[in-house]
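Using this note's numbering, you'd call the opening residue of the sequence shown number 52 and step up by one each time.
We put the CB at the ideal spot given by N, CA and C, even for glycine.
Quantities reported herein were computed from a predicted structural model and do not represent experimental measurements.
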Amino acid sequence: MYRQCLAFISAVILSDRTQFCGLYRSESNAIPRGSRERSLARSLGYIACGPLRYRQLCLCVRPGGPGRPGDGPFPCIMDMSGTGGGIHEHKGSMLASEGFVVLCVAYFQYKDLPDKVEDIDVEYFKKPVEFLLSLPYIGDRFGIQGVSFGGTLVDILTARFPEFKAAVVINGPHLQCSYYNIKEKGKPMPTVHVDDTRWYFLNNVLATHLCHRTLTDNITDEAETPWEKVPKDCAFRLVGSVDDLVSPSIHTSLYRQRRLRETGHQAEVELVNGGHIMEPPYFPHHELVYAKFQAFYCGYGGEVVLHGKSQEKSWANTIKFFKKTLGEPPKMPDWDRLTHVVNPNENRSRL
Numbered sequence: 052m053y054r055q056c057l058a059f060i061s062a063v064i065l066s067d068r069t070q071f072c073g074l075y076r077s078e079s080n081a082i083p084r085g086s087r088e089r090s091l092a093r094s095l096g097y098i099a100c101g102p103l104r105y106r107q108l109c110l111c112v113r114p115g116g117p118g119r120p121g122d123g124p125f126p127c128i129m130d131m132s133g134t135g136g137g138i139h140e141h142k143g144s145m146l147a148s149e150g151f152v153v154l155c156v157a158y159f160q161y162k163d164l165p166d167k168v169e170d171i172d173v174e175y176f177k178k179p180v181e182f183l184l185s186l187p188y189i190g191d192r193f194g195i196q197g198v199s200f201g202g203t204l205v206d207i208l209t210a211r212f213p214e215f216k217a218a219v220v221i222n223g224p225h226l227q228c229s230y231y232n233i234k235e236k237g238k239p240m241p242t243v244h245v246d247d248t249r250w251y252f253l254n255n256v257l258a259t260h261l262c263h264r265t266l267t268d269n270i271t272d273e274a275e276t277p278w279e280k281v282p283k284d285c286a287f288r289l290v291g292s293v294d295d296l297v298s299p300s301i302h303t304s305l306y307r308q309r310r311l312r313e314t315g316h317q318a319e320v321e322l323v324n325g326g327h328i329m330e331p332p333y334f335p336h337h338e339l340v341y342a343k344f345q346a347f348y349c350g351y352g353g354e355v356v357l358h359g360k361s362q363e364k365s366w367a368n369t370i371k372f373f374k375k376t377l378g379e380p381p382k383m384p385d386w387d388r389l390t391h392v393v394n395p396n397e398n399r400s401r402l
């Protein structure tokens with residue numbers, strides 16, 4: 052059952068002209084004037100604004116009144132998607148329904164953010180970390196989750212921000228290549244040559260996982276993730292789909308686990324039957340996707356029944372992992388929708 056999914060989820064787009072607002076709820080649609088959240092927004096350079104709805108930016112705190120589960124500190128997670136661009140809040144809302152504070156971060160192809168992922172600098176991600184540290188109702192231990200290239204970013208950010216103590220990588224490439232890479236200190240980060248002659252068509256659908264498998268063969272010391280810089284108390288959960296047609300996710304998951312164990316880190320692997328986009332339960336299966344990053348249709352893989360079952364299983368295990376590593380959040384009460392139904396004053400139907 053979807054429980055009070057809109058209780059609180061932070062979904063903030065971080066840029067110099069970011070807007071900042073409250074989650075829409077029946078009680079209030081904006082951050083109250085004079086509140087600590089609004090003052091924090093101004094102090095961090097955000098623009099406090101009026102009521103904005105779902106597709107805008109949200110800072111969401113636990114609502115007051117009956118059923119309020121306390122003032123924290125609450126376990127917090129930062130969530131990122133891949134090369135599809137924009138902002139994706141659905142995984143954040145599902146995590147929030149379990150009692151976590153969630154910050155969903157877009158980093159390109161949204162509003163005034165760059166159109167190309169290679170124009171993003173690692174320094175950009177410093178803002179969300181500082182923002183989370185400023186919130187009074189969370190602690191100083193964060194989790195981070197990324198799918199696809201968002202998983203690659205998890206590797207990069209955990210090696211540079213010691214605040215992350217729990218990391219989940221879902222079908223993420225283990226290295227950067229010329230097709231997807233970001234900058235650091237204004238310069239492109241080192242990439243690995245990918246053999247893009249190994250793509251093939253399966254039932255007229257492009258599959259690229261064999262191309263990305265060659266990254267390991269061509270790896271260099273400069274392009275490798277500095278695993279030794281990841282704090283030893285940062286635990287990893289690695290989800291790899293058996294039928295991923297985009298990334299060789301079994302290989303990348305086992306590669307990460309091996310490198311992390313070499314540096315003394317805890318790393319669990321779950322291999323699941325499914326395709327590239329392993330979503331929370333009951334979200335649609337993406338077997339075939341028009342990828343605007345590549346500008347053509349790509350095969351993402353997965354058989355619909357097995358993929359759906361894997362989403363149930365893997366998501367439940369991800370929740371257990373975050374609770375174990377970040378702490379048990381307060382139990383969220385079920386959403387009693389009947390107490391929030393407002394009857395119309397008059398019947399305006401023209402039927």
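By alpha-carbon positions, which one of the options ends up nearest to residue i?
i, options, result
"residue 347", "256, 242 and 390", "256"
"residue 136", "127, 149 and 155", "155"
"residue 374", "201, 341, 193 and 355", "193"
"residue 305", "296, 295, 314 and 318", "318"
"residue 152", "184, 175, 165 and 325", "184"
"residue 208", "325, 231, 188 and 172", "172"
"residue 302", "322, 167, 283 and 312", "322"
"residue 350", "357, 340, 358 and 285", "340"
"residue 166", "380, 328, 134 and 320", "134"
"residue 215", "401, 377 and 381", "377"
"residue 244", "312, 274, 285 and 170", "274"
"residue 311", "142, 330, 285 and 291", "285"
"residue 324", "258, 363 and 342", "363"
"residue 330", "144, 168 and 127", "144"
"residue 124", "332, 204 and 191", "191"
"residue 196", "128, 332 and 320", "128"
Where do the N-terminal and C-terminal ends of the beta strand (DSSP E) with residue i fall, by residue?
i, result
"residue 216", "215 to 221"
"residue 253", "251 to 253"
"residue 342", "339 to 342"
"residue 350", "347 to 350"
Please name the residue or residues paired with residue i in a DSSP beta bridge.
i, result
"residue 234", "172 and 239"
"residue 288", "219 and 319"
"residue 125", "189"
"residue 195", "129 and 218"
"residue 262", "None, per the DSSP bridge assignment."
"residue 334", "None, per the DSSP bridge assignment."
"residue 296", "Beta-bridge pairing links residue 296 to no other residue."
"residue 152", "127"
"residue 256", "253"
Specify, as a first and last residue, the run of the alpha helix (DSSP H) that residue i falls within.
i, result
"residue 179", "177 to 185"
"residue 300", "300 to 313"
"residue 200", "200 to 209"
"residue 372", "355 to 377"
"residue 325", "Here residue 325 belongs to no alpha helix (DSSP H), and DSSP marks it neither H nor E."
"residue 143", "141 to 147"
Residue i to residue j, Cα distance in whole Å?
i, j, result
"residue 181", "residue 211", "13 Å"
"residue 360", "residue 288", "19 Å"
"residue 113", "residue 148", "Low confidence applies to residue 113: its pLDDT is 41, below 50, so where it sits in the model is not reliable, and the reading given next is rough at best. Each residue's alpha carbon lies about 11 Å from the other."
"residue 387", "residue 335", "26 Å"
"residue 186", "residue 338", "39 Å"
"residue 247", "residue 264", "10 Å"
"residue 369", "residue 268", "30 Å"
"residue 229", "residue 296", "19 Å"
"residue 271", "residue 278", "14 Å"
"residue 250", "residue 356", "26 Å"
"residue 314", "residue 217", "16 Å"
"residue 146", "residue 282", "24 Å"
"residue 385", "residue 220", "29 Å"
"residue 280", "residue 235", "16 Å"
"residue 233", "residue 170", "6 Å"
"residue 201", "residue 389", "38 Å"
"residue 292", "residue 150", "27 Å"
"residue 126", "residue 174", "24 Å"
"residue 254", "residue 300", "21 Å"
Exercise for the section: Decide if the region 297 to 313 is in contact with the region 234 to 243; the criterion is three or more beta carbon pairs, one per stretch, under 8 Å apart. Expected result: In this structure the region 297 to 313 does not touch the region 234 to 243; the number of beta carbon pairs closer than 8 Å is below three.
Exercise for the section: Give a yes or no on contact between the region 210 to 224 and the region 155 to 168, applying the rule of three or more CB pairs nearer than 8 Å. Expected result: Flag = no, the region 210 to 224 and the region 155 to 168 do not touch.
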